Amino acid sequence: MPKMAVTTLKPGLKLAQSIYSQNDDFLLAKGVMLSKQDIQNIISLGITAVSIEQVLPTNEGLASEESKEQNLKFLTSNINAKSIVTDKTRLAATHQIENIMLNIKEAGKLIIKPEQLHSTISDLAGGIFSNKHLAFNLHGLHDKDNYTFTHSVNVCILAMMTGITLGYSYKDLIVLGTGALLHDIGKMQIPDKILNKPGKLTAAEFKIMKTHPYLGCQLLRQVDGLKSLPALIALEHHESYDGSGYPLGVHKKDFHEYAQIVGIADKFDALTANRVYKTAHAPHEAYEMFAAAGNYIFEPHVVKAFLHNISIYPLKTIVVLNTLEIGVVIDTPKGRPLHPKIRLFFDADHQRLPQAKELYLDPKDTVAILRVLEKDEIAELNF
């Protein structure tokens, strides 16, 4: 049964499980239609998520793959993503970090031309500045065959977007972007059998893996013409604000803000990517995790600035509203991750509308996204 974060609850939703306080006192019964006061009571108790009733029944058997693809193609047609940076700029950055990393792997040393790297980061920054109104949309941005390289570019873009939100100068953005693009180069000195292991690492293997921030820092410190901050970013990007990170266990104000920005971008992009050893979290699930990370993993203002730039329901995501209507996400205004623009195809009874209609979800309105529709459910819709 689907769960909703309490911050997204709206009056009229029906509980799928009874709710009890931390002292096991009965609060609300299963099947209750939530009121505004009920929601306030739930929040006051510190409850973070509740189970709500499934709104779209599924059949016993799975629909054919052909039906799934046909229905999905119909719902997502004529939706074009607006890119923050051009494909040419993204590809150039991906090729550059690939060459840098493979040189480390093959030659055992870091070979960088600072002026060429500066040009690449400048091109990325230029695209971001030109499209400051756009949110970061993860749709189609993960390449499983070149994960390490595309991940580094994603982290670089996310970090610089966060820096812009925090008011960084262009000069500071270039330094931040350089550290972000190079944050994982230490992994190239980790044995392949550990780096590419499809299963869970042993304690001994994880101990070796945790050396990659230090190794990356050491590599970057050897480059003439490169500022010291990129090396610090590589060293600290797995640290935590509460001191529980690695390799140094830095605490609170000792955790450099640049490294915090790269750290949250790194974790978010990694969580939302499919890997051999794990299935990706949906962006809205990752968003909820990071919304609770302030004063714990990162400083609250860093978390807020980062999430301001995220589209948590990527373009072409099929959603069910709390009105029980069904539609597809076609746009997300920057700074409004919970309130995208929806193209509705099905009414509250899940009957096809004669003509699709579009609406922006309004924070002041009661209409909200209830949940994301699974692929098997999409195949079962009455087209």
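So for the sequence shown, our numbering puts the first residue at 22; every next one is plus one. Note that CB positions come from ideal geometry on N, CA and C, so glycine has one too. As the structure is a prediction and not an experimental result, all values here were calculated from the model.
Determine which residues share a DSSP beta bridge with P354 and list them.
-> In the sequence shown, counting from the first residue as 1, residue 354 sits at position 333. Note: P354 sits in a beta bridge opposite L155.
Quick one: Cα of M22 to Cα of P358, how far?
-> Translated into the one-based positions of the sequence shown, residue 22 becomes position 1. Translated into the one-based positions of the sequence shown, residue 358 becomes position 337. Residue confidence is low: M22 scores 49 on pLDDT, short of 50, so the model does not pin down where it sits. Its coordinate-derived value is still stated next. Roughly 23 angstroms between the two C-alpha positions.
Cβ neighbours of Y317 in the same chain (closer than 8 angstroms, five flanking residues each side left out) = The residue labelled residue 317 in the question sits at position 296 within the sequence shown. S261, Y262, D263, listed in sequence order.
From C238, K274, D370, E306, pick the residue whose C-alpha is nearest to that of E320; which is it?
-> Here residue 320 corresponds to residue number 299 of the sequence shown, with the count starting at 1. Nearest of C238, K274, D370, E306 to E320, Cα basis: K274.
Straight-line CA distance for T387 to T110?
-> Taking the first residue of the sequence shown as 1, we reach residue 387 at position 366. Taking the first residue of the sequence shown as 1, we reach residue 110 at position 89. Straight-line Cα distance between these residues: approximately 41 angstroms.
How is L77 classed by DSSP in three states: helix, strand or coil?
-> The residue given as residue 77 occupies position 56 in the sequence shown. Because the pLDDT of L77 is 43, which lies under 50, any placement of that residue in the model is unreliable, and the number read from its coordinates should be weighed accordingly. DSSP places L77 in coil when its eight states are reduced to three.
Just the Cα atoms here: how many angstroms apart are P268 and L236?
-> Counting from one through the sequence shown, the residue named residue 268 turns up at place 247. Counting from one through the sequence shown, the residue named residue 236 turns up at place 215. Looking at the two C-alpha atoms, the distance is approximately 11 angstroms.
Looking at the structure shown, is G405 part of a helix, part of a strand, or coil, going by DSSP?
-> The chain is shown only over 22 to 404; residue 405 falls outside these bounds and no answer can be derived.
Can you give the Cα-Cα distance for T79 and K57, rounded to whole angstroms?
-> Here residue 79 is taken as the residue at index 58 of the sequence shown, counted from 1. Here residue 57 is taken as the residue at index 36 of the sequence shown, counted from 1. Unreliable positioning characterises T79 in this predicted model, as indicated by a pLDDT of 41, which lies under 50. The coordinate reading is nonetheless provided below. Rounded to whole angstroms, T79 to K57 spans 30 angstroms at the Cα level.
Delimiting residues of the beta strand (DSSP E) encompassing R392 = Position 371 of the sequence shown, counted from the first residue, corresponds to residue 392. Taken as a continuous stretch (DSSP letters only), the beta strand (DSSP E) holding R392 covers 390-393.
Just the Cα atoms here: how many angstroms apart are S249 and D108?
-> On the sequence shown, position 228 is the one that residue 249 refers to. On the sequence shown, position 87 is the one that residue 108 refers to. In a straight line, the C-alpha of S249 is about 30 angstroms away from that of D108.
List the DSSP bridge partners of I331.
-> Position 310 of the sequence shown, counting from 1, holds the residue named residue 331. Paired residue(s): F157.
If you drop the 5 nearest sequence neighbours on each side, which residues of the same chain put their C-beta closer than 8 angstroms to that of P304?
-> Residue mapping note: residue 304 aligns to position 283 of the sequence shown, counting from 1. Answer for P304: L159, T293, I331, S332, I333, Y334, P335, listed in chain order.
In its own chain, which residues sit with a C-beta less than 7 angstroms from the C-beta of D352, not counting the 5 before and 5 after it?
-> Translated into positions along the sequence shown, residue 352 becomes position 331. Result list for D352: P361, K362, in chain order.
Smallest Cα separation from K231: which of I142, P212, I149, K35?
-> Position 210 of the sequence shown holds residue 231. Looking at the Cα atoms, P212 is the closest of the given residues.
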